[in-house]
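Visitor: Input: one structure, supplied below.
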């Protein structure tokens, strides 16, 4: 599950803002224990993304504090809600980057890879995409009895030749023993009739 929030309350410009990341074995109540520590210090959570991978929970969030609050104070408050060595917590001051600009200007596509799992798939495919100037927005992987399904949300530069990219991607995937499909996100979602990509992953692995 991934949660994303952009709701902002209060005057963020006058607040102290931090970026917080937590990694922990998943269990019930993890997000409660993290957020209660942050809000207990007077923090307002104004951005969050969370997921669980192979039984490990990870979250990155931003929070604004109306009064001075340093990184170590926040980290200590979060760790107090967990057993010793249960969680890894990183807190950094938020650095304003001005108006956010897209990493890559272009259209969003969905790439899917299917086949038998083997070492080096991600290294090879992500290297290929990076060389083409393609930005990976999101990537999910599902394993089932030696079979692997990769689904990635990527942004293609506007000047990129899509047909040429499809041809080269198929060639790269084929060398790994994989089938590949590249579709515009609108076509992908329409033809698969799904919301979350994770639902497709689960269906492909069990199909």
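Numbering (the numbering used here), first residue to last: -4 to 202. Glycine included, every Cβ here is placed at the ideal spot set by N, Cα and C.
For residue 145 and residue 134, I'd like the C-alpha separation in whole angstroms.
Guide: 7 Å
Visitor: What whole-angstrom Cβ distance do residue 105 and residue 52 have, given they're in contact under 8 Å?
Guide: Not really, about 26 Å apart at Cβ, beyond 8 Å.
Visitor: Would residue 126 pass as an interface residue toward chain C - the criterion being a Cβ-Cβ separation below 8 Å?
Guide: Reference to chain C is not applicable here, since this structure consists of a single protein chain.
Visitor: If you compare alpha carbons, which of 37, 22, 173, 54 is closest to residue 115?
Guide: 173
Visitor: Please return the same chain residues whose Cβ sits closer than 6 Å to the Cβ of residue 103, not counting the five positions on each side in sequence.
Guide: 150, 180
Visitor: Any idea if residue 73 is buried or exposed, counting beta-carbon neighbours within 10 angstroms, 16 or more meaning buried?
Guide: With 16 or more other Cβ atoms within 10 Å, it is buried.
Visitor: Residue 44 and residue 29: beta carbons closer than 8 Å?
Guide: Between residue 44 and residue 29, the C-beta gap is not smaller than 8 Å, which leaves the two residues out of contact.
Visitor: Hey, residue 101 and residue 152: beta-carbon distance below 8 Å or not?
Guide: yes
Visitor: At what residue ranges does the segment 112 to 142 contain a whole run of the alpha helix (DSSP H), taking only runs of 4 or more?
Guide: 116 to 126
Visitor: Out of 111, 57, 113, point me to the one whose CA is closest to residue 88's CA.
Guide: 57
Visitor: Under a Cβ-count criterion, where at least 16 other Cβ atoms within 10 Å of its own Cβ denotes burial, should residue 156 be classed as buried or exposed?
Guide: So residue 156 ends up on the exposed side.
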